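Okay, so here's the structure we're looking at.
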Amino acid sequence: MSALRIYVPGDAAAVACGADDIAAAIQSSAARRKIDVEIVRNGSRGLHWLEPLLEVTVDSRRIGYGPVALADVDSVLDAMINAGGEHALRVGAPEELPFLKKQTRLTFARCGIVDPRSLADFCLHGGYKGLERALANPAGIIEEVVQSGLRGRGGAGFPTGIKWKTVGETGASQKYIVCNADEGDSGTFADRMIMEGDPFVLIEGMTIAGIAVGATKGFIYIRSEYPHAVAVLNDAIRAARRGGMLGKNFAGSRYEFDLEVRVGAGAYVCGEETSLLESLEGKRGQVRAKPPLPAHKGLFGKPTVINNVLSLASVPVILEKGAAFYRDFGMGKSRGTMPIQLAGNIKYGGLFETAFGITLGELVDGIGGGTATGRPVRAVQVGGPLGAYFPRALFDTPFDYEAFAKRDGLIGHGGIVVFDDSVDMAKQARFAMEFCAIESCGKCTPCRIGSTRGVETIDRIISGEARDTNIAVLEDLCNTMKFGSLCALGGFTPYPVMSALTHFPEDFAAPPQIQAAE
Amino acid sequence: MQKNHQWDSQRARAIIAEHQDREGPLLPILHALQEEFGYIDREAEPIIADALNISRAEVHGVVTFYHDFREKPAGRHVLKLCRAEACQAAGGDALAAQAQARLGVRLGNTTADGQVTVEAVYCLGLCSVSPSAMLDGRIVGRLDEKKLDRLLAEAAR
C-alpha cells in the first residue's frame with residue numbers, strides 16, 4: 004500500500020497557529036503506529052479561520068480537517084486512516100466549502116493545492132503553460148498583457164502592459180525585472196501566500212516579463228518580516244535552475260534569465276517603487292523624484308520593469324488562456340480578478356480571489372461573516388495604512404479602482420481590515436499620522452514634518468483644545484500632504500485621517516467636561 | 168535565544184568580501200554582519216566604506232535608515248509585537264500594554280538585565296490570524312493574554 008499523503012500547510016499563517024508542531028506530531032504518531040505517511044507542506048487554501056487545515060488524499064480526492072490543535076493529532080490521524088472519516092473537525096472537500104466555491108481563482112489557482120517546492124508538481128498542475136505560449140510568440144507578449152487590462156496590483160493600478168511596452172521600447176545593454184514583494188500594508192498577505200504557496204508562478208511571470216522586454220536578470224525584493232517566503236522562493240529558484248527553467252537557454256529557448264532574492268530591512272517606504280530601487284542599490288530607501296520613470300532609468304540607471312508580486316503572478320494565466328479570457332472578468336476599467344484579503348476582527352478571515360465588482364458589504368458581511376467578536380462592524384479600512392476607513396453606509400461600494408477613488412478611498416493591494424464598534428476612530432486617525440512619521444523616508448517636507456504636526460494636532464482635538472480651529476488646521480495639513488508629497492506615503496496618509504474625520508466625526512468630539520467637586 | 172559571535176574585524180572583512188562583488192552589495196553585507204554579530208558595530212562602517220569605495224557617511228546613513236539594523240546588541244531574546252491596524256482591530260493594544268507592564272520597559276527597549284528586547288513591528292502578514300507576534304524569529308498568531316504570558320515566560324528563561 005502506498006503512503007498516506009497528508010497535507011500540513013507550511014504557510015506562515017498556519018505555522019503561526021502551530022502547523023510545524025502538528026507536522027512533527029503526525030510524523031511521530033504515524034511512526035508509533037507503524038503507518039507510512041508522506042507529509043506535504045503545501046501553501047494555504049486561504050481559509051485562515053480553519054488553519055491549521057490538514058488534508059488527506061483519499062481516492063484522489065482531498066478531505067480537510069481544521070482547525071487542528073496539537074491535542075487533536077491522534078484522533079484526526081485515526082479519521083484520516085479511516086478513509087478520511089468522521090471527526091468533529093472534518094470539513095469535507097475544501098473546494099466544496101462556500102468560501103472557496105464562491106471564488107474565481109486565476110492567480111491563486113494552485114495555491115494550497117501543490118507542493119510549493121516541487122517543480123514537477125507545478126508542471127503537473129498546468130505550470131509553465133503561459134511560458135510555453137509566450138515562447139511560441141515572444142513578440143506578442145506585451146500586446147497580450149496590454150489587452151488583458153491587467154493593472155498594477157500593488158495599489159497604484161497602473162496598466163502593467165504599458166509599463167512593459169515602455170521598457171521594451173527603451174534601448175539598453177542591460178534591463179531588469181524587479182518584483183516588489185515588500186508587502187508592508189497591514190491587512191495584506193496575498194504576496195506572502197503566493198510566494199509560500201506557489202512560488203513557481205511568480206518565477207514564470209517574471210521569466211515571461213524578461214522575454215517580453217529583453218531583460219536577463221530579475222530581483223525579488225522581499226521584506227525581512229517574511230522569512231518563510233524568502234526560504235520557499237530561494238528553494239524554488241534553485242529547483243527552477245536545476246530543472247533548466249532559469250539561466251541560459253531556459254526551457255530550451257534562445258533566451259537567458261535568472262533571478263535573485265533580496266531581503267529588505269524593515270522600511271515600509273521601500274514598498275514605494277523608486278525607494279525600493281534605491282534600497283536594492285544599497286542606499287537609504289529614499290523616494291526618487293519622477294521623471295525619469297523606472298521604465299527609462301530604473302535599477303542602476305537601467306530600464307526596469309518593476310511590478311508587484313500579484314501583477315507578475317497573474318501574467319502566466321493571461322498568457323496561457325489569452326487576454327480575452329482574463330479581461331472578461333471584472334467591471335469598468337478594473338479587469339480580471341483581485342485576490343482580496345479579509346483581516347482584522349473578522350469571523351472568516353483569509354484570501355478571497357474574485358472578479359472586480361463585488362461590493363464591500365458582500366465581502367465583509369457575506370463572505371467574512373462580520374466580526375470575530377460578534378459585535379457590530381463599525382468601520383473597515385481598505386487598502387492598508389494609507390487607505391480610507393469606510394463606514395457601513397458605504398458598503399454598497401463595488402470593489403473597483405475607480406469606484407473606491409470616487410468615494411475618496413482606494414483598493415490598494417486589496418486588504419480589508421474590519422473593526423467592531425469598540426474602535427475609537429480619532430485614535431485610528433492619530434495612528435495613521437504616527438505611522439507616517441515613523442516610516443517617512445524624510446525626503447519631502449509635507450510627509451516628514453506634516454505627519455508629526457498631524458499627530459500633535461489630533462492630540463489637541465482629542466483633548467478638546469480649540470477643536471474647530473484644530474480641525475481646520477488638520478484639514479489644511481492633509482491637503483498640503485496630499486498635494487505636496489513626493490510619494491503615496493505622505494500623499495495618501497490623509498485618506499485614513501480625513502475619512503475617519505468625515506465619516507466618524509462623533510469620535511473627534513471634545514470629551515465631556517468633568518465637573519470638579521465643590 | 169539569540170546566539171551571536173563577538174565583534175571581530177577580521178571575520179567582518181571576510182563577510183564583506185563574500186558579498187562585495189554582488190550588484191548592490193550593501194544590504195546583503197549589513198544583513199550578513201548582523202546575522203553574525205547581532206548588530207552592526209560602528210567599527211564595521213569604515214571597513215565597508217573602504218571595500219565598496221563609498222563614504223563612511225553613506226554607510227552610516229544606510230545603517231541608521233533601516234529599522235532592522237541595530238547599532239548595539241539586542242537582549243538575549245527579541246519579542247516583536249505587531250502594532251499595525253489588523254492587530255489593533257483584534258485587541259493588540261491591550262496585549263502591547265500587558266507586555267510592557269510585565270517587562271517594565273516600553274516598546275523599542277531592552278530590560279535592564281539584558282534578557283528581553285521588546286519591539287513594535289508593523290505587520291508580519293498574519294493579519295487574518297491577528298494579533299500576532301514573533302519571538303526570536305518564531306511567529307505566533309491568534310495571540311491572547313495566555314499565549315503572551317507563555318511567550319514572556321519563555322523569554323525570561
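Top to bottom, those sequences are chains S and L.
Each number in the working numbering comes from the position in the first sequence (counting from 1) with 3 added on.
Each number in the working numbering comes from the position in the second sequence (counting from 1) with 167 added on.
Quick reminder that beta carbons are idealized off the backbone N, C-alpha and C, glycines included.
These numbers were taken from a predicted model, which means no experiment stands behind them.
Item checked: Whole-Å CB distance - Gly-157 of chain S paired with Ser-314 of chain S, under 8 Å assumed -> So it is a contact: roughly 7 Å between Cβ atoms.
Checklist line | Contact belief for Leu-477 of chain S with Gly-445 of chain S at Cβ below 8 Å, rounded distance in angstroms | finding: Not a contact, Cβ separation roughly 22 Å.
Next item on the list: Let me know if Leu-366 of chain S comes out buried or exposed under the rule of 16 or more other beta-carbons within 10 Å of its beta-carbon.
Entry: Buried, by the Cβ-count rule.
Note to self: When you compare the CB of His-283 of chain S with every CB in chain L, is at least one pair closer than 7 Å?
What the structure shows: Per the sequence presented here, residue 283 of chain S reads as Leu, with His not at that position. Yes, because at least one Cβ of chain L sits closer than 7 Å to the Cβ of Leu-283 of chain S.
Checklist line | Test: Gln-150 of chain S CB closer than 7 Å to a CB of chain L | finding: Under the Cβ distance rule, Gln-150 of chain S does not count among the residues neighbouring chain L, no pair being separated by less than 7 Å.
Check: In terms of residues, what are the limits of the alpha helix (DSSP H) holding Gln-201 of chain L?
Finding: Where Gln-201 of chain L is concerned, the enclosing alpha helix (DSSP H) stretches over 193-204.
Check: At which residue ranges does the stretch 222-262 of chain L contain complete beta strand (DSSP E) runs of 3 or more residues, listed in the order of the chain?
Finding: Scanning the stretch 222-262 of chain L for uninterrupted beta strand (DSSP E) segments of 3 residues or longer gives 244-249, listed from N- to C-terminal end.
Next item on the list: With Lys-220 of chain S as the anchor, note down where its alpha helix (DSSP H) starts and where it stops.
Entry: First-last for Lys-220 of chain S: 220-225, but that is the beta strand (DSSP E), not the alpha helix (DSSP H).
Notebook entry, point to check: Going by C-alpha distance, which of S:Ala-327, S:Gln-384 and S:Asp-423 is nearest Arg-378 of chain S?
Noted result: For Arg-378 of chain S, the nearest C-alpha among the options comes from S:Asp-423.
Next item on the list: Name the one or two DSSP bridge partners that Met-484 of chain S has.
Entry: BP columns for Met-484 of chain S are empty, so no partner.
Notebook entry, point to check: Would you say the stretch 408-415 of chain S touches the stretch 479-499 of chain S, given that touching needs at least three Cβ pairs under 8 Å?
Noted result: Contact between the stretch 408-415 of chain S and the stretch 479-499 of chain S is present: 3 or more CB-CB pairs across the two stretches fall below 8 Å.
Next item on the list: Can you give me, in chain order, the residues of the stretch 172-200 of chain L that have a beta carbon less than 9 Å from any beta carbon in chain S?
Entry: Listed by position, the residues of the stretch 172-200 of chain L near chain S (Cβ gap below 9 Å) are Arg-189, Glu-190, Gly-191, Pro-192, Leu-193, Leu-194, Pro-195, Ile-196, Leu-197 and His-198.
Item checked: Simplified DSSP state of Glu-190 of chain L, which is helix, strand or coil -> In this structure, DSSP gives Glu-190 of chain L a state outside helix and strand, which the three-state scheme calls coil.
Item checked: Closer than 7 Å to chain L by CB, Phe-422 of chain S -> Output row for Phe-422 of chain S: interface = yes.
Notebook entry, point to check: Which class does Asp-423 of chain S belong to by DSSP, given the choice of helix, strand or coil?
Noted result: Here DSSP, grouped into helix, strand and coil, assigns Asp-423 of chain S to strand.
Next item on the list: Assign Tyr-131 of chain S to one of three DSSP states: helix, strand, or coil.
Entry: Three-state DSSP puts Tyr-131 of chain S in coil, outside helix and strand.
Notebook entry, point to check: Any idea if Pro-97 of chain S is buried or exposed, counting beta-carbon neighbours within 10 angstroms, 16 or more meaning buried?
Noted result: In the assembly as shown, Pro-97 of chain S is a buried residue. Its beta-carbon has 16 or more other beta-carbons within 10 Å.
Item checked: Within 7 Å, strictly: CB atoms of Gln-201 of chain L and Arg-243 of chain L -> Against a cut-off of 7 Å, the Cβ pair of Arg-243 of chain L and Gln-201 of chain L comes out as no contact.
Note to self: If the criterion is Cβ atoms closer than 7 Å, does the pair Glu-147 of chain S and Ala-440 of chain S meet it?
What the structure shows: Annotated as distal: Glu-147 of chain S and Ala-440 of chain S, with beta-carbon spacing of 7 Å or more.
Check: Of the residues S:Thr-448, S:Cys-447, S:Val-420 and S:Ser-466, which one's Cα is nearest the Cα of Arg-433 of chain S?
Finding: The alpha carbon of Arg-433 of chain S has as its nearest neighbour, out of S:Thr-448, S:Cys-447, S:Val-420 and S:Ser-466, the alpha carbon of S:Ser-466.
Note to self: Quick check on DSSP: helix, strand or coil for Arg-64 of chain S?
What the structure shows: Of the three classes helix, strand and coil, the one that applies to Arg-64 of chain S here is strand, per DSSP.
Next item on the list: Return the Cβ separation of Gly-46 of chain S and Met-196 of chain S in integer angstroms, given the expectation that the two are a contact with Cβ distance under 8 Å.
Entry: That belief holds up - the Cβ atoms of Gly-46 of chain S and Met-196 of chain S are roughly 6 Å apart, short of 8 Å.
Note to self: Let me confirm a value: Pro-295 of chain S is counted as buried when at least 16 other C-beta atoms fall within 10 Å, else exposed. Which label applies?
What the structure shows: With fewer than 16 other Cβ atoms inside 10 Å of its own Cβ, Pro-295 of chain S counts as exposed.
Margin query: Here's the rule I'm using: 16 or more other beta-carbon atoms within 10 Å means buried, otherwise exposed. How should Gln-255 of chain L be labelled?
Written below: So Gln-255 of chain L counts as buried.
Check: Which same chain residues, not among the five before or five after Pro-202 of chain S, have their C-beta less than 6 Å away from its C-beta?
Finding: Taken in chain order, the residues that qualify are Pro-119, Val-235, Leu-236 and Ala-239.
Next item on the list: Using only alpha-carbon positions, find the residue among L:Ala-279, L:Ala-199 and L:Arg-324 that is nearest to Phe-236 of chain L.
Entry: With distances taken between Cα atoms, Phe-236 of chain L lies closest to L:Ala-199.
Notebook entry, point to check: Can you give the beta carbon distance from Glu-286 of chain L to Gly-304 of chain L, rounded, assuming they're within the 8 Å contact cut?
Noted result: About 13 Å separates the beta carbon of Glu-286 of chain L from that of Gly-304 of chain L, a gap too long to meet the 8 Å contact definition.
Notebook entry, point to check: Thinking C-alpha only, which one of S:Val-290, S:Phe-161, S:Ala-142 and S:Gly-247 is nearest Phe-232 of chain L?
Noted result: Scanning S:Val-290, S:Phe-161, S:Ala-142 and S:Gly-247 for the CA closest to the CA of Phe-232 of chain L turns up S:Val-290.
Next item on the list: Show which residues of chain L have a CB atom less than 7 Å away from the CB atom of Val-264 of chain S.
Entry: At a beta-carbon threshold of 7 Å, none of the residues of chain L lie near Val-264 of chain S; the nearest stands roughly 10 Å away.
Notebook entry, point to check: Out of curiosity, what's the CA-to-CA distance linking Glu-276 of chain S and Gly-301 of chain S?
Noted result: If you take the alpha carbons of Glu-276 of chain S and Gly-301 of chain S, they lie about 9 Å apart.
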